[in-house]
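In full-length UniProt numbering, the protein residues as written are 1 to 363. Before any comments, here is the structure.
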């Protein structure tokens, strides 16, 4: 029975105000964020004194509710395999339905890495933080992969800082914010796909989409690795790399940064219109073509230093942005990359290869 005090707006979002109580337990403090899926509220848990949580209230529309139930199923599975919360996937406490909306209760986290970059005027993260963040991302997504899942929607918005506190110079109005703690969690598993499930033709947010998806060649877990390569480059540069909404332009940007696509991928694709005589059908003298030539350059030319940390990071990114998914580095391999050697020297964490994990039951 819907309470008379709660109603939806015309888009299917639940209208909530400060002080409203969901499920007789979660008292709304404020809105944390909003997306196409719904809204996330910071709430006091009235049954746990001093406990504050994040409650995701999904839009009251069929497609969104189905995706939410998928996310709940995946989170229950993943959280059960990681009771000590060592694999950096967001922790779900419970879920319920209220006023026709699926609601998921999560641990309260800080800003997404995208929002931290945006609030910091798109200034890059420090190298030591990129290293720590990259290791956690690889460890988390490798955990998903080894449990027969592909995230499919990795992007800075879905990588969230546990605590986004920062230090800054109070004498500079636009002073650079320095992240204090780079610990993070992977969120938004609503689009995650098990290996045995149907793989839809198009997945991933455009700018982090792997070439095999654009070319309609099918995809597997390695598409997540491509996305991580794009994310790490974004953390290094401070801004998104492939800024486009069009397939052909996206491929042209890739070729400008990474060289020509392999011939076997060009030959296999059904997207023949993108190619002419075996080459990308792209006019480099058009306004868009000139814009790409002006703003994009070979990957290694983005390096701002040639010390070992930068060289190793770009070597890892290059291996992640390998066109051929069969040759692309796996995350198991990435975790042993020299870029992470300073972390492994400091403390020898248990390798994901030796942790006790279990495969999901096939439905």
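Even for Gly, the Cβ is constructed at its ideal location relative to N, Cα and C.
Cross-strand partners of residue i (DSSP beta bridge)
| i | result |
| --- | --- |
| residue 112 | 160 |
| residue 103 | 57 and 96 |
| residue 166 | 179 |
| residue 40 | 33 and 56 |
| residue 86 | BP columns for residue 86 are empty, so no partner. |
| residue 199 | According to DSSP, residue 199 bridges with nothing at all. |
| residue 150 | 193 |
| residue 279 | 276 |
| residue 315 | Answer by DSSP bridge pairing: none, since residue 315 is not bridged. |
Under the three-state DSSP convention, the category residue i falls into
| i | result |
| --- | --- |
| residue 25 | coil |
| residue 182 | coil |
| residue 191 | coil |
| residue 7 | coil |
| residue 32 | strand |
| residue 223 | helix |
| residue 16 | coil |
| residue 324 | coil |
| residue 339 | helix |
| residue 360 | The pLDDT assigned to residue 360 is 49, lower than 50, so where the model puts this residue is not dependable; a value taken from the coordinates is nonetheless given after this. Three-state DSSP puts residue 360 in coil, outside helix and strand. |
| residue 242 | coil |
| residue 122 | coil |
| residue 264 | helix |
Residues near residue i in its chain [Cβ-Cβ closer than 6 Å; skip 5 each side]
| i | result |
| --- | --- |
| residue 230 | 208 and 241 |
| residue 322 | 328 |
| residue 158 | 187 and 188 |
| residue 113 | 156 and 159 |
| residue 72 | 95 |
9 Å Cβ cutoff met for residue i and residue j
| i | j | result |
| --- | --- | --- |
| residue 93 | residue 53 | yes |
| residue 109 | residue 161 | yes |
| residue 103 | residue 95 | yes |
| residue 201 | residue 216 | yes |
| residue 26 | residue 9 | no |
| residue 307 | residue 337 | no |
| residue 232 | residue 164 | no |
| residue 228 | residue 331 | yes |
| residue 370 | residue 203 | Within the shown structure, residues of the chain are numbered from 1 to 363, placing residue 370 beyond reach of any answer. |
| residue 129 | residue 221 | no |
| residue 192 | residue 70 | yes |
| residue 140 | residue 106 | no |
| residue 288 | residue 318 | no |
| residue 77 | residue 147 | yes |
For residue i, the first and last residue of its enclosing alpha helix (DSSP H)
| i | result |
| --- | --- |
| residue 74 | 62-81 |
| residue 334 | 331-334 |
| residue 425 | Outside the displayed span of the chain (1 to 363) sits residue 425, for which this structure offers no information. |
| residue 295 | 287-295 |
| residue 306 | Premise fails: residue 306 is in no alpha helix (DSSP H) and is neither H nor E. |
| residue 248 | 247-258 |
| residue 212 | 211-214 |
Beta-carbon contacts of residue i that lie in its chain and below 7 Å, excluding the five residues immediately before and after
| i | result |
| --- | --- |
| residue 234 | 156, 240 and 241 |
| residue 124 | 235, 236, 237 and 238 |
| residue 31 | 39 and 41 |
Residues near residue i by beta carbon distance below 8 Å, same chain, minus five either side
| i | result |
| --- | --- |
| residue 21 | 27, 28 and 46 |
| residue 178 | 126, 166, 167 and 168 |
Check: residue i C-beta below 8 Å from any heavy atom of the ligand SAM
| i | result |
| --- | --- |
| residue 224 | This structure simply doesn't include the ligand SAM, nor any ligand for that matter. |
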